[in-house]
Structure formats: C-alpha cells, structure tokens
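Heads up: the structure comes next, in structure tokens.
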Amino acid sequence: MLDINKKIDGTAMTVAVSGKLDSVTSADFEAAIKESIEPITDLTIDMDGLTYISSAGLRVLLSSQKIMNRQGSMKVVHVNDTVMEILDVTGFADILTIE
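Numbering follows my numbering, with no gaps: position 80 of the sequence shown is 123.
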C-alpha cells in the first residue's frame with residue numbers, strides 16, 4: 044500500500060509518499076505526478092515514510108526527473124537508509140538531487 048499526498052503552491056509541487064512504491068502502486072504515483080506536472084517548475088518528492096522502492100518506482104522517478112530537467116528542478120527529500128541504499132546501488136543517487 045502507498046499513501047500519496049500532493050500539494051501544489053503556484054509552480055511548486057510536493058508529492059509525499061509513504062508505504063511501498065512497487066509495481067502495484069507505481070501507476071498511482073506516476074498518475075499523481077503526471078496529472079499536475081505541466082506548469083510545475085519546482086518538484087519535490089518527499090519520501091518520509093517510504094519503506095520500499097522497486098524498479099517500477101525508480102522508473103517513475105527517472106521519467107519525472109527527465110521532465111523536470113526541461114522545465115525546472117526536482118529534488119528528493121527525507122530518504123531513509125533502506126531506500127537510500129537502493130538509490131545508491133542502482134546509481135540513482137548520482138542522477139537525483141537528494142537532500
């Protein structure tokens with residue numbers, strides 16, 4: 044199960060996720076981002092409470108990063124050690140801005 048909480052303030056959007064981001068839940072995560080991303084110039088993915096991320100979740104992060112490279116910036120915040128290890132091993136820690 045994945046909880047998604049989206050907040051938009053002007054051209055800034057924060058998408059907070061908690062739970063498991065896997066092949067079952069990644070479509071909901073992608074839809075939450077894509078339905079509102081067009082006017083956004085500052086995207087924050089808040090992973091506070093995210094316990095797991097699979098390759099399907101990583102794919103959504105990568106596609107979101109590609110969009111934001113063209114129209115603004117994206118950062119990932121509140122990454123716990125378990126998820127950070129996955130980001131490190133897969134090389135995503137080098138691609139994403141993690142704070």
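Here a beta-carbon is modelled for each residue, glycine too, at the ideal position from N, C-alpha and C.
When DSSP states are grouped into helix, strand and coil, Met111 belongs to the helix group. In terms of Cβ geometry, Ile141 and Val122 form a close pair [threshold 7 Å]. Looking at the DSSP output, Val119 bridges to Ile88 and Ile141. In summary, Met44 is exposed, with fewer than 16 beta-carbon neighbours lying within 10 Å of its beta-carbon over all protein chains present. For Asp124, the enclosing alpha helix (DSSP H) starts and ends at Asp124 to Thr133.
In the three-state reduction of the DSSP assignment, Asp65 falls in the coil class.
For the options Ile110, Asp46, Thr57 and Ala75, the alpha carbon positioned closest to that of Lys63 is the one of Asp46. In this structure, the beta-carbon distance from Val119 to Ile88 falls below 7 Å.
Taking a 10 Å sphere around the C-beta of Thr68, we find 16 or more other C-beta atoms and assign the residue as buried.
Between Asp71 and Ala99 the beta-carbon gap is near 11 Å, outside 8 Å, which marks them as no contact.
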